[in-house]
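*Asks:* Here's a structure for you.
Right, here's the structure in full:
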């Protein structure tokens, strides 16, 4: 049945869906990511922090296949996904959002949302065009539409549904991006600075959404600058500095780590 | 009588105008009306009228189809294809190769073809254009837009020069299972005679309308006594072409209004996002590109298969840019706009100047134009006599046409970059995206009919 492919399917696997080992990326003479190794536990909100240029975004790009690493492996749900294309990784349930929200500006919020779900029959040209086959497409679109409206309501942006995504404010775009990513039925969501440029009220709302979703069983890896925000919301924190994993642990452990304090307050550069 | 009645009428009219088909038909009515009225006012002959209407229809048809196909590439997927003529050329040449009669079966042709039926040839031509599209797409679609542009225009020139080369002028291919060969080829620079049976008459024969067609010729013969056959032929062919435009329109509308079209749109907007959402964008781009190429191949076939002969130099890059102008006039991204742009381009920029020239010459019979710019401009300066200069301008309308097109293009880019229809909203979904009725507080608009699921 088609509905299986578009509704949630959650394979039961290990407790660490995402494992990164010895990940390395060089740009010319600069080693942006230098042997990063860490794991993300299922059902947690894990924070990845570090000062500017620590290699957080590059790590994200390496994990999601937008860049290919010079060394190291990325394992997702027990499968080595290091050399897969970005769309193959997303298809397996490891989905990212972007640091600068990348809404599809000339498409409406609804179109943006309808794009995301996996396994859409109508993505085959012939099914969308041929008369009898199209009925199945219309049927599936009707089901998707309902899910899309539910998700819009969850994120409280249903009043923007008909709007072109390019007309949204920065914060609304962040909401749209997260809502859109959710519709792909991800197992793990990588959020790249979801709070940058978002006002405090909206930030709190986004955080509430994230916590609620985590309670439902989603796994999050969160890149963030803001130490306090991470410290208050994540149970596990990974600190990067100059391409390396400086330390990891609970917020308390990390906060009292000398190396972390030095990295943030500036020591060696 | 009352104002509410008036408002009702205005509202009804506005709703009618909202339908795309109405816009297109209205535009066509205006164009044909303008041609007819200006012809009648100036006393153009009936034969001249009918002929100009027929060629107007023809060009509206071919530019409409081409603009629609290009809109799939550029408007929907953001693929910058400036090699349209290459795909048209491959379409008609492969079609001729397959459908021309075998060499030696009489006739003036230097080379023969495979002698297969016309529909097989047309299919083969479209398939070949699609395959060429695939070959171009393989390396180029992975690159950014401007590289695809370079590859496509280079390809179209390669096709033209390959067809011009003497290597492919004539050669032998086996045409039976026992290995007998026959002389085929592309005719080189001197062109290829298209000596297959007349496609329009063949079509009319197949659908069993020969009788009706003959009666139509007889009917037209009463008003245009001398040789009505070619007039009827070209008029009917024009109507068939408009039918093809309608089929293209239907096909591309369905393609756009679907999950497939949605992915194409997202590729146009930001391909990385589409990939990050798990869409294999290479597959979508290749499919879209090949479909558009096949449609361009068919447009090439329809343009030339009734012309008796084809030469490679017909397919100069200039023609590609004509199609681009048509698309930009109408507004990229909109199928309705593409058709309207094709029609306006054909009527005003492509046929308009020539029609104007014919009209003025046949009505005023102004005599010989000066042969060069000097004799044209000197009376204007010495005697303030603008007449020779005007005559000269009129005589050079063909050349000036390109200047006019350039000016129009510049004006459009400055003032109407989104085309005639402005910002168009053609939603990429197979259903209306209104909130489902069962839940949610707001009233939902009535579900708009089942027009999509048929």
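Residue numbers (the working numbering), protein chains in the order written: chain U, -1 to 267; chain S, 3 to 456. Here a beta-carbon is modelled for each residue, glycine too, at the ideal position from N, C-alpha and C.
Note down, in chain order, every chain S residue with its Cβ under 9 Å from the Cβ of residue 88 of chain U.
*Replies:* Neighbours of residue 88 of chain U on chain S, chain order: 277, 278, 279, 280 and 281.
*Asks:* Can you give, in chain order, each stretch of the beta strand (DSSP E) that sits fully within the stretch 121 to 209 of chain U and has at least 3 residues?
*Replies:* Counting whole runs of 3 or more residues, the stretch 121 to 209 of chain U contains the beta strand (DSSP E) stretches 186 to 190.
*Asks:* Determine the burial state of residue 199 of chain U: buried for a count of at least 16 other Cβ atoms within 10 Å of its Cβ, exposed for fewer.
*Replies:* Exposed, since its Cβ has fewer than 16 Cβ neighbours within 10 Å.
*Asks:* Does any residue of chain S bring its CB to less than 9 Å from the CB of residue 176 of chain U?
*Replies:* No, residue 176 of chain U does not count as interfacial toward chain S.
*Asks:* Tell me, please, whether the CB atom of residue 152 of chain U is closer than 9 Å to any CB atom in chain S?
*Replies:* Closer than 9 Å: no.
*Asks:* With 16 as the cutoff for other CB atoms within 10 Å, does residue 258 of chain U come out buried or exposed?
*Replies:* When all chains shown are included, residue 258 of chain U counts as buried.
*Asks:* From the DSSP output, which residues share a beta bridge with residue 238 of chain U?
*Replies:* According to DSSP, which records beta bridges pairwise, residue 238 of chain U is partnered with U:243.
*Asks:* Please tell me whether residue 69 of chain U has its Cβ less than 9 Å away from any Cβ of chain S.
*Replies:* Closer than 9 Å: no.
*Asks:* In whole angstroms, what is the alpha-carbon distance linking residue 266 of chain U and residue 240 of chain U?
*Replies:* Low confidence applies here, because residue 266 of chain U scores a pLDDT of 48, under 50, leaving its location unreliable; read the following figure in that light. Spanning the two alpha carbons is a distance of roughly 10 Å.
*Asks:* Provide the residue span of the beta strand (DSSP E) that contains residue 32 of chain U, from first to last.
*Replies:* 28 to 38 is the extent of the beta strand (DSSP E) around residue 32 of chain U.
*Asks:* Using the C-alpha atoms, what's the distance from residue 328 of chain S back to residue 110 of chain U?
*Replies:* If you take the alpha carbons of residue 110 of chain U and residue 328 of chain S, they lie about 29 Å apart.
*Asks:* So if DSSP puts residue 45 of chain U in a beta bridge, which residue, or which two residues, is it bridged to?
*Replies:* U:220 and U:235.
*Asks:* Once you ignore the five residues that flank residue 268 of chain U on each side, which residues in its own chain have a CB closer than 8 Å to its CB?
*Replies:* Any answer about residue 268 of chain U is impossible in this case: the structure gives chain U only from -1 up to 267.
*Asks:* Terminal residues of the continuous beta strand (DSSP E) containing residue 174 of chain S?
*Replies:* Per DSSP, residue 174 of chain S belongs to the beta strand (DSSP E) from 173 to 176.
*Asks:* Drop a sphere of 10 angstroms on the beta-carbon of residue 298 of chain S, count the other beta-carbons inside from all chains shown, and report buried for 16 or more, exposed for fewer.
*Replies:* It counts as buried.
*Asks:* Per the DSSP calculation, residue 78 of chain U is bridged to which residue(s)?
*Replies:* Bridge partners of residue 78 of chain U: U:73.
*Asks:* Given residue 322 of chain S, which residues of its chain have a CB within under 7 Å of its CB, disregarding the five upstream and five downstream residues?
*Replies:* Here the set comprises 84, 85, 86, 87 and 158.
*Asks:* Which residues in the same chain as residue 44 of chain S place their Cβ atom closer than 7 Å to its Cβ, once the five residues preceding and following it in sequence are excluded?
*Replies:* 361 and 365, listed in sequence order.
*Asks:* List the endpoints of the continuous beta strand (DSSP E) containing residue 183 of chain S.
*Replies:* Looking at the DSSP string, the run of the beta strand (DSSP E) that includes residue 183 of chain S is 183 to 186.
*Asks:* Following the continuous beta strand (DSSP E) through residue 101 of chain U, name the residue where it begins and the one where it ends.
*Replies:* Premise fails: residue 101 of chain U is in no beta strand (DSSP E) and is neither H nor E.
*Asks:* In this structure, does DSSP put residue 195 of chain S in helix, strand or coil?
*Replies:* Looking at residue 195 of chain S - three-state DSSP - the assignment turns out to be strand.
*Asks:* Of all the options U:184, U:202 and U:172, which has the alpha carbon lying nearest to the alpha carbon of residue 190 of chain U?
*Replies:* If we check each option's Cα against that of residue 190 of chain U, U:172 comes out closest.
*Asks:* Using a Cβ cut-off of 9 Å (strictly closer), state whether residue 118 of chain U contacts chain S.
*Replies:* So yes, residue 118 of chain U belongs to the interface.
*Asks:* Tell me whether residue 145 of chain S is buried or exposed, calling it buried when 16 or more other Cβ atoms sit within 10 Å of its Cβ.
*Replies:* The residue in question, residue 145 of chain S, is exposed, as its Cβ has fewer than 16 Cβ neighbours within 10 Å.
*Asks:* In chain order, what residues of the same chain lie with their CB nearer than 8 Å to the CB of residue 42 of chain S, ignoring the 5 residues before and after it?
*Replies:* So the qualifying residues of the chain are 51.
*Asks:* Do residue 189 of chain S and residue 113 of chain S count as a contact pair if the criterion is CB distance below 9 Å?
*Replies:* Yes.
*Asks:* Nearest chain S C-beta to residue 220 of chain U closer than 9 Å, yes or no?
*Replies:* For residue 220 of chain U, the answer is no, since every Cβ of chain S falls outside 9 Å of its Cβ.
*Asks:* For residue 40 of chain S versus residue 240 of chain S, is the C-beta spacing smaller than 9 Å?
*Replies:* In this structure, residue 240 of chain S does not lie closer than 9 Å to residue 40 of chain S by Cβ.
*Asks:* What does the alpha-carbon distance come out to for the pair residue 8 of chain U and residue 61 of chain S?
*Replies:* Because the pLDDT of residue 8 of chain U is 44, which lies under 50, any placement of that residue in the model is unreliable, and the question is left without a value.
*Asks:* Can you pull the chain S residues whose beta carbon is under 7 Å from the beta carbon of residue 168 of chain U, in chain order?
*Replies:* What residue 168 of chain U touches in chain S: nothing, since even the nearest Cβ is about 16 Å away.
*Asks:* Alpha carbon to alpha carbon, how far is residue 427 of chain S from residue 217 of chain S? Give it in angstroms, no decimals.
*Replies:* The alpha-carbon atoms of residue 217 of chain S and residue 427 of chain S are separated by roughly 45 Å.
*Asks:* Which residues bound the beta strand (DSSP E) around residue 20 of chain U?
*Replies:* Unbroken beta strand (DSSP E) run through residue 20 of chain U: 16 to 25.
*Asks:* By the 10 Å Cβ neighbour count, where 16 or more other Cβ atoms means buried, how is residue 373 of chain S classified, buried or exposed?
*Replies:* So residue 373 of chain S counts as exposed.
*Asks:* Does residue 106 of chain U get closer than 9 Å to chain S when you measure Cβ to Cβ?
*Replies:* Closer than 9 Å to some Cβ of chain S, the Cβ of residue 106 of chain U qualifies, so yes.
*Asks:* If you follow the beta strand (DSSP E) that residue 92 of chain U is part of, which residue opens it and which one closes it?
*Replies:* Its beta strand (DSSP E) spans residues 92 to 94.
*Asks:* Taking buried to mean at least 16 other C-beta atoms within 10 Å of its own C-beta, is residue 1 of chain S buried or exposed?
*Replies:* Chain S is shown only over 3 to 456; residue 1 of chain S falls outside these bounds and no answer can be derived.
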